[in-house]
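Colleague:
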Amino acid sequence: AFFTGTAAEVLPIRELDGRRIGSGKRGPVTEKLQSHYFDMVKGNCKEHSDWLTPVK
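Quick note: the sequence shown, position 28, residue 110 per the working numbering, numbers continuous.
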């Protein structure tokens with residue numbers, strides 16, 4: 083499970099209302115999504131470079 087948003091980006095949910103989610107660690111899907119997201123926003127994903135608009 084994870085949160086997404088402008089400020090949160092992709093943030094794993096490890097606990098909710100005092101209850102651990104899964105193993106309490108970031109899962110493989112969240113890890114892959116986070117990794118791909120950060121590659122994209124840093125401009126390291128050439129296949130989707132058209133998704134970014136440089137701000138000068």
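The beta-carbon is built from N, C-alpha and C at its ideal position, and this holds for glycine as well.
Would you mind reading off the limits of the alpha helix (DSSP H) that contains PRO110?
Modeller: Locating residue 110 in the sequence shown gives position 28, where the first residue counts as 1. That run of the alpha helix (DSSP H) goes 110-123.
Colleague: What span of residues does the beta strand (DSSP E) with GLU91 cover, start to end?
Modeller: Translated into positions along the sequence shown, residue 91 becomes position 9. GLU91 -> beta strand (DSSP E) spans 91-94.
Colleague: Mark THR88 as exposed unless 16 or more other C-beta atoms lie within 10 angstroms of its C-beta, in which case mark it buried.
Modeller: Here residue 88 refers to the residue found at position 6 of the sequence shown. THR88 should be labelled exposed.
Colleague: Does the Cβ-Cβ distance between LEU93 and PHE85 come in under 8 Å?
Modeller: Position 11 of the sequence shown, counting from 1, holds the residue named residue 93. Position 3 of the sequence shown, counting from 1, holds the residue named residue 85. Yes, they are a contact pair.
Colleague: Using only the alpha-carbon positions, how far apart do ASP132 and MET122 sit?
Modeller: Here residue 132 is taken as the residue at index 50 of the sequence shown, counted from 1. Here residue 122 is taken as the residue at index 40 of the sequence shown, counted from 1. Cα-Cα distance, rounded: 10 Å.
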